[in-house]
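Inspection log for the structure reproduced underneath, given as structure tokens.
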Amino acid sequence: MSPEQFSGAVLAWYDQFGRHDLPWQQGINPYRVWVSEIMLQQTQVSTVLNYFDRFMEALPTVQALAEAPEDEVLHLWTGLGYYTRARNLQKAAKIVVAEHGGEFPRDLEQLEALPGIGRSTAGAIASISMGLRAPILDGNVKRVLARFTAQAGYPGEPAVARALWATAERFTPHERANHYTQAMMDLGATLCTRSKPTCLLCPVQQGCRAHLLGQEARFPEPKPRKAIPQRRTLMPLLANEEGAILLYRRPSSGLWGGLWSLPQLDELAEVDDLVEQHALVQVGAQPMPGLTHTFSHFQLAIEPWLVRVRATDAHMADADWLWYNLATPPRLGLAAPVKKLLRHAADALNGEPQ
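Sequential numbering from 1 applies to the sequence shown in the working numbering.
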């Protein structure tokens, strides 16, 4: 297949079978496309749908995002994970407003210079919302092109990535680049899936080398496996007489950066120091069901304890600590496991089974 035949077949398929009713495909503009692309990084469409609508309702413009409190942005992102995406989203919004007059630059290099926007995301914004000819290479497109060309090697390796980018550049048409970009993402999401691809319905199956070889499952080659490190932490949920839980804001960088979290300790004995630090008196402690949270590079085994306390001093001097009211929770950014533990704590305080 020539590049023209490839793109023509993909576009013809898209016109008839592609997805045309996704929320970010309505009222298309750079802001909506950008937010959707960031949300879709390492997250499935089905998960993003509700988050996108809620985010757009609260922060409908890049100006609104730039001016929003960080806690509001992180609250709207809670549950999506990879919170650096949310922090970079707001950093980039502030730059767009301050340096580009609130308009996204129509230049790939300037787009890619914004925090959190890589080459593929810049291409998606430029092609889908601006109609510019710009290739993309997200996970779905990598899979389609790696199979079509039977590209050997793991796509995360620099040489393999360069080869796939060259293919993406060669196949991207000069006309209807916006539809082609969406079509390639749809093709990977609906037909050329990770397992059991629907090759019989694929518009480019006749030229697909992996299909001709009968080795669709071989491509793209997976990342070499490494053992996932295991870590452990103890998380005390200090509950005061009003049933509020003590939280603290994590540093802006690093794990769960900028989110409100529970203290992390090595041993239960350290709870005494924490209680004393906040001028509290421990009334009792009980273990809660543990849980394991998997990050991209390690697993964290969490041992939670519900520690009932009473205050000897109502003053909370440190702005990085607060009492989280379980009955009327404030709008804060919370890590997913912390949010789950707070629900368990509410059940335990109300005498319900966890």
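All C-beta atoms, glycine included, are put in the ideal place defined by N, C-alpha and C.
Worksheet item: Which term fits E216, buried or exposed, when burial requires 16 or more other beta carbons within 10 angstroms of its beta carbon?
Response: buried
Item to complete: Could you tell me if N350 is buried or exposed, where buried requires 16 or more neighbouring beta carbons within 10 angstroms of its beta carbon?
Response: exposed
Worksheet entry | Best match in S127, L238, V62 and A210 for proximity to P304 [C-alpha to C-alpha] | Nearest of S127, L238, V62 and A210 to P304, Cα basis: L238.
Worksheet entry | CA-to-CA distance, W24 to D320, given in whole angstroms | 36 Å
Worksheet item: Thinking C-alpha only, which one of P105, I228, L291 and Y51 is nearest K340?
Response: L291
Item to complete: In angstroms with no decimal places, state the Cα-to-Cα distance between P289 and L80.
Response: Going by the C-alpha atoms only, they are around 23 Å apart.
Worksheet item: By the 10 Å Cβ neighbour count, where 16 or more other Cβ atoms means buried, how is L201 classified, buried or exposed?
Response: A residue is called buried when at least 16 other Cβ atoms come within 10 angstroms of its Cβ; L201 does not meet this threshold and is exposed.
Discussion item. Let me see if you follow: with CB-CB separation under 8 Å, is R119 close to chain B or not?
Written reply: In the structure shown, chain B does not exist; there is a single protein chain.
Item to complete: Quick one: grab the DSSP three-state call for M235.
Response: DSSP places M235 in strand when its eight states are reduced to three.
Item to complete: Run the CB neighbour count on A269, radius 10 Å, all protein chains shown included, and call it buried at 16 or more, exposed below.
Response: exposed
Worksheet item: Helix or strand or just coil, what does DSSP make of S296?
Response: Judged by DSSP in its simplified three-state form, S296 adopts coil rather than helix or strand.
Worksheet item: In terms of alpha-carbon separation, which member of A159, Q90 and R232 lies closest to F55?
Response: That would be Q90, whose Cα lies nearest to the Cα of F55.
Worksheet entry | Inter-residue spacing [alpha-carbon to alpha-carbon] between A189 and N140 | C-alpha of A189 to C-alpha of N140: approximately 6 Å in a straight line.
Fill in: Per DSSP, the bridge partner or partners of L280
A311
Worksheet entry | Coarse secondary structure for L59, derived from DSSP in three states | L59: coil per DSSP, three-state reduction.
Worksheet item: Is K339 near the ligand GDP, judged by its Cβ being under 7 Å from some heavy atom?
Response: Of the ligands one can find in the structure shown there are none, so the ligand GDP has no counterpart to examine.
Discussion item. What does the Cβ neighbour count give for T167, buried or exposed, with the cut at 16 atoms within 10 Å?
Written reply: With a 10 Å radius around the Cβ and a threshold of 16 neighbouring Cβ atoms, T167 comes out buried.
Discussion item. With three or more beta-carbon pairs closer than 8 Å as the criterion, would you say the region 177–186 touches the region 231–246?
Written reply: No: fewer than three Cβ pairs fall under 8 Å.
Fill in: Touching by the beta-carbon criterion (3+ pairs, under 8 Å), the region 204–213 and the region 129–139
no
Worksheet item: By how many angstroms is the C-alpha of P115 removed from the C-alpha of A92?
Response: 5 Å
Practice prompt. Hey, could you find the ends of the alpha helix (DSSP H) A269 is sitting in?
Written response: Counting along the chain, A269 falls outside any alpha helix (DSSP H), and DSSP gives it neither H nor E.
Worksheet item: Is there contact here, the region 62–73 with the region 211–227, by at least three beta-carbon pairs under 8 Å?
Response: no
Worksheet item: Looking at the structure shown, is W323 part of a helix, part of a strand, or coil, going by DSSP?
Response: strand
Item to complete: Compute the Euclidean distance between the alpha carbons of R369 and T172, then round it to the nearest angstrom.
Response: Because the chain here runs from 1 to 354, residue 369 falls outside it and cannot be looked at.
Fill in: R331 and D53 closer than 8 Å at C-beta
Against a cut-off of 8 Å, the Cβ pair of D53 and R331 comes out as no contact.
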